[in-house]
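See structure below.
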Amino acid sequence: MNCRYFVRENMPRLQYNNPAIKFDVQKVKEAGVAPELTIECANNDIKKISCSRIQSAEICKQFLVATTEGSAASA
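Numbering (UniProt numbering), first residue to last: 1 to 75.
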């Protein structure tokens with residue numbers, strides 16, 4: 001259960017619960033390219049999460065942490 005599982009199982013739930021957010025998946029079939037999740041925020045801040053050898057649940061946790069940083073401070 002890795003990046004493919006995250007895209008297949010977790011991402012549709014995230015898209016459904018966040019309809020205002022644009023999700024874009026780019027699959028690279030080149031050998032030696034490590035899977036990576038790139039998050040581009042509205043303020044042009046870019047955050048990257050390495051998905052290599054990480055289970056989909058951990059990818060989801062890291063995604064939620066990266067996207068909620070700062071929102072607790074502003075609330």
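For every residue, glycine included, the Cβ atom is placed at its ideal position computed from N, Cα and C. The structure displayed is predicted, hence computed values, not measured ones.
Of the listed residues the options, nearest to residue i (C-alpha basis)
i	options	result
Gly32	Asp24, Arg8, Thr38, Ser52	Ser52
Val25	Leu14, Asn18, Pro19, Leu37	Leu37
Lys47	Ala57, Ser56, Thr67, Ile54	Thr67
Arg4	Val65, Cys60, Leu64	Cys60
Ala42	Ala34, Ala20, Lys27, Ile49	Ala20
For residue j and residue i, the rounded distance between their alpha carbons
i	j	result
Lys22	Gln15	8 Å
Arg13	Phe6	10 Å
Leu64	Lys29	27 Å
Distance CB(residue i)-CB(residue j) smaller than 7 Å
i	j	result
Asn17	Ser56	no
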